[in-house]
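Residues 1 to 246 in UniProt numbering are what the sequence shown spells out, letter by letter.
Have a look at the structure below, then the notes.
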Amino acid sequence: MSGAKTQLYTLFSSTLLLVVIVWLGPLLEPLPMCILACIVIVSLKSLFMQCTELPKLWKLSKFDFAIWLASCVSTVVTDVTTGLLISVVFVLITIVLREQWPKAYNLATTPGRTVFKPASCYKGLTKLPDNLEILNVELSPNGDNYKPLAQNDDKVAPQKTLIIDCTAIAYVDTMGVEAFKEIYNDSKKLNVLLLFADLNESVYETLLNINFIPGTIPKDRFYPTLEEALKYAMEPAVLGDGVCKQ
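The structure is reproduced here in structure tokens:
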């Protein structure tokens, strides 16, 4: 209820609704159906006005737009219970779909090399050398998205140093471990020096417990921060003429 500051408003609204149903309801029975329909439409005016938010919702999130549309159509075509069930199932489907296409950004840095942000989103950032690239991935690699994530590594040019910003990787499953392995093996084939920075401690400990580190990927490929990884990558012995040591 607009303007309400406590949950006591439910008591008053319920009391008013009870009065309408018990005493005022019979008075409305003789009214023509069109009049009753007008009363219902006016009471739902604020709900219908939400349709004007659809263009904004489309620009903000395609998934939220689809959820709103699916919920509205399913409820109108069927009934409230069935529409609610369809809406919940549709929301679960969109959650799975969101995981399918993780976004990756090339990062640039400030002159002091203390802040790293997507080069396409901010101005005034300092570009990195041509044979050095920092990649930020928004989602954790898992069984649903590890293949698209691994394919991002194929876009890196040979004889280059690639630093992967692991800040957004909150967990890792079996297929996520396979993603790490595939990315690392592809980097070796392409003669790309691959470094991982700012990996979550729980994920790092998991990889240690299964001997993925250092069994598959050497321990010296992981750095606590992007600054440390960049500092190592900028060393003349590493940066050199663009030829990366494995």
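Here a beta-carbon is modelled for each residue, glycine too, at the ideal position from N, C-alpha and C.
Requested in this report: Enumerate, from N- to C-terminal direction, the unbroken beta strand (DSSP E) stretches of 3 or more residues contained entirely within the UniProt domain "STAS" (160–233).
Outcome: 161–165, 193–197
Query - Rounded straight-line distance, which links the Cα of Y204 to that of A170 - result: Locating residue 170 in the sequence shown gives position 170, counting from the first residue. Locating residue 204 in the sequence shown gives position 204, counting from the first residue. One C-alpha to the other measures close to 10 Å.
Query raised in the report: Looking only at C-alpha atoms, which of D173, L36, I210, T161 sits nearest to L195?
Result: For the purposes of this step, residue 195 is identified with residue 195 of the sequence shown, where counting begins at 1. Checking every option, the nearest Cα to that of L195 belongs to T161.
Requested in this report: Using beta-carbon positions only, say whether S74 and I86 come within less than 8 Å of one another.
Outcome: As a first step, residue 74 must be located in the sequence shown, where it is residue number 74. As a first step, residue 86 must be located in the sequence shown, where it is residue number 86. Contact flag set, yes.
Report task. Could you name the residues that DSSP lists as bridge partners for E235? Result -> Residue mapping note: residue 235 aligns to position 235 of the sequence shown, counting from 1. Per DSSP, none; premise fails for E235.
Query raised in the report: Do you know offhand how far K123's Cα is from E227's?
Result: If you number the sequence shown from 1, residue 123 lands on position 123. If you number the sequence shown from 1, residue 227 lands on position 227. Distance between the alpha carbons of K123 and E227: 20 Å.
Report task. Run the CB neighbour count on V42, radius 10 Å, all protein chains shown included, and call it buried at 16 or more, exposed below. Result -> Along the sequence shown, one-based indexing puts residue 42 at 42. Looking at its Cβ environment, which holds fewer than 16 other Cβ atoms inside 10 Å, V42 is exposed.
**Report entry** Local Cβ density within 10 Å of C244, reported as buried at 16 or more and exposed below that
**Finding:** Residue mapping note: residue 244 aligns to position 244 of the sequence shown, counting from 1. Here the model assigns C244 a pLDDT of 44, short of 50, so the residue's position is not dependable, and the following value carries that caveat. C244 should be labelled buried.
Report task. Quick one: which unbroken alpha helix (DSSP H) runs of 4-plus residues sit fully inside the stretch 48–115? Chain order, please. Result -> 54–60, 62–77, 80–98
Requested in this report: Quick one: grab the DSSP three-state call for K45.
Outcome: Along the sequence shown, read from residue 1 onward, the residue named residue 45 stands at position 45. Helix at K45.
Query - Where the beta strand (DSSP E) containing L135 begins and where it ends - result: Within the sequence shown, the letter at position 135 stands for residue 135. Per DSSP, L135 belongs to the beta strand (DSSP E) from 132–137.
Query raised in the report: Do you know offhand how far I210's Cα is from E201's?
Result: Here residue 210 corresponds to residue number 210 of the sequence shown, with the count starting at 1. Here residue 201 corresponds to residue number 201 of the sequence shown, with the count starting at 1. So the two alpha carbons sit approximately 14 Å from each other.
Query - Given 8 Å, three or more beta-carbon pairs between the stretch 115–129 and the stretch 174–192 - result: no
Query raised in the report: Who pairs with K127 in a beta bridge, going by DSSP?
Result: Counted from its first residue, the sequence shown places residue 127 at position 127. According to DSSP, K127 bridges with nothing at all.
Query raised in the report: Alpha carbon to alpha carbon, how far is K231 from I163?
Result: Within the sequence shown, the letter at position 231 stands for residue 231. Within the sequence shown, the letter at position 163 stands for residue 163. If you take the alpha carbons of K231 and I163, they lie about 11 Å apart.
Query raised in the report: When DSSP builds the beta bridges, which residues end up paired with P118?
Result: For this step, residue 118 is matched to residue 118 along the sequence shown. DSSP lists L107 as partners of P118.
Query - Straight-line Cα distance separating K59 from M33 - result: Working through the sequence shown from its first residue, we reach residue 33 at position 33. Working through the sequence shown from its first residue, we reach residue 59 at position 59. Distance between the alpha carbons of M33 and K59: 39 Å.
**Report entry** Option in S46, D165, L11, V192 with minimal Cα separation from C105
**Finding:** Along the sequence shown, one-based indexing puts residue 105 at 105. According to the sequence shown, residue 105 is Tyr rather than Cys. Ranking the options by Cα distance to Y105, first place goes to D165.
Requested in this report: Answer with buried or exposed for A229, where buried requires no fewer than 16 other C-beta atoms within 10 angstroms of its C-beta.
Outcome: Locating residue 229 in the sequence shown gives position 229, where the first residue counts as 1. Looking at its Cβ environment, which holds 16 or more other Cβ atoms inside 10 Å, A229 is buried.
Requested in this report: Quick one: using the 10 Å Cβ neighbour count with 16 as the cut-off for buried, is E133 buried or exposed?
Outcome: Here residue 133 corresponds to residue number 133 of the sequence shown, with the count starting at 1. Buried, since its Cβ has 16 or more Cβ neighbours within 10 Å.
Query - Buried or exposed (CB count within 10 angstroms, at least 16 for buried), Q246 - result: Numbered from 1 along the sequence shown, position 246 holds the residue referred to as residue 246. With a pLDDT of 45 at Q246, under the threshold of 50, the modelled position of this residue cannot be trusted; read the value that follows with caution. Its Cβ having fewer than 16 others within 10 Å, Q246 is exposed.
Query raised in the report: Which of the three DSSP states, helix, strand or coil, is assigned to P30?
Result: For the purposes of this step, residue 30 is taken as residue 30 along the sequence shown, with counting starting at 1. Here P30 sits in coil by DSSP.
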